[in-house]
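1 is the number of the first residue of the sequence shown in full-length UniProt numbering; add one for each residue after it.
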Amino acid sequence: MNSEIHQAVVFVVDDDEAVRDSLRWVIEAAGFKVKAYPSAGEFLKKLDPSQSGCLVLDVRMPEMNGLHMKPFDNQILLERIERSIELDRKRRETKQKQEEIAHRVAHLTSRERQVMNLIVKGKPNKVVAVELGISTKTVEIHRARVMEKLEAKNLADLIHLAHFLEDTNKEPVLR
């Protein structure tokens, strides 16, 4: 198992103490850190939103109460916990990467952003120069600064960074 998965916490919320203890035992035996709570209110009071992990919650629906869900298959439970924690880890990595790139973009001047937006759209330096009313040499200087500030190794890397930001934000960051 991935050691990063085991750094995350599995939160167990169940009002049935026996079920809570059973879940804790199964999950801890698989190497996970567990925090168990008797109610959603207790869980929410102590929740640290920055803590990665997943929540195993007692489900109570009108057609099916928690008893219909028990007993549970240990292997399926552990597989779902691993999958949930992995999804949470990926989501957090994406958010961190997005914040790092957005921080770098924030250090671009408005002209550098204009140059970057046109270059990312596939426009050659000469076309960018004409559209912005500047010399080709100035475009090359701005382009070099953009590449340096965004830590892009090449044009493909710059395009990837720009698309990553666009794909992970509801509002365009590069406009």
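Where is the CB? At the ideal position from N, CA and C, for every residue including glycine.
Start and end residues, beta strand (DSSP E) containing residue i
i	result
LEU55	53 to 57
ALA36	33 to 37
Run of the alpha helix (DSSP H) containing residue i, from where it starts to where it stops
i	result
LEU132	125 to 132
ALA30	From DSSP, ALA30 is part of no alpha helix (DSSP H); its letter is neither H nor E.
GLY41	40 to 46
LYS149	136 to 149
Distance cut-off 7 angstroms: residue i Cβ against heavy atoms of the ligand NAD
i	result
ILE85	The ligand NAD is not among the ligands present in this structure, which contains no ligands whatsoever.
Cβ separation of residue i and residue j, assumed to be a contact under 8 angstroms, to the nearest whole Å
i	j	result
LEU165	ILE101	6 angstroms
GLY53	ASP88	7 angstroms
VAL146	LEU108	6 angstroms
VAL10	PHE32	5 angstroms
GLU112	HIS142	5 angstroms
Collapsed DSSP secondary structure at residue i in the structure displayed
i	result
ASP14	coil
GLU166	helix
MET1	The pLDDT assigned to MET1 is 48, lower than 50, so where the model puts this residue is not dependable, and the model offers no usable value.
Is it a yes or a no for the stretch 144 to 160 touching the stretch 127 to 134, going by three-plus beta-carbon pairs under 8 angstroms?
Between the stretch 144 to 160 and the stretch 127 to 134 there are fewer than three C-beta pairs closer than 8 angstroms, too few to call the two in contact.
Three Cβ pairs or more, each shorter than 8 angstroms: is that satisfied between the stretch 112 to 123 and the stretch 87 to 95?
Counting Cβ pairs under 8 angstroms, fewer than three are found: no touch.
Can you give, in chain order, each stretch of the beta strand (DSSP E) that sits fully within the stretch 64 to 119 and has at least 3 residues?
Runs of the beta strand (DSSP E) inside the stretch 64 to 119: none found.
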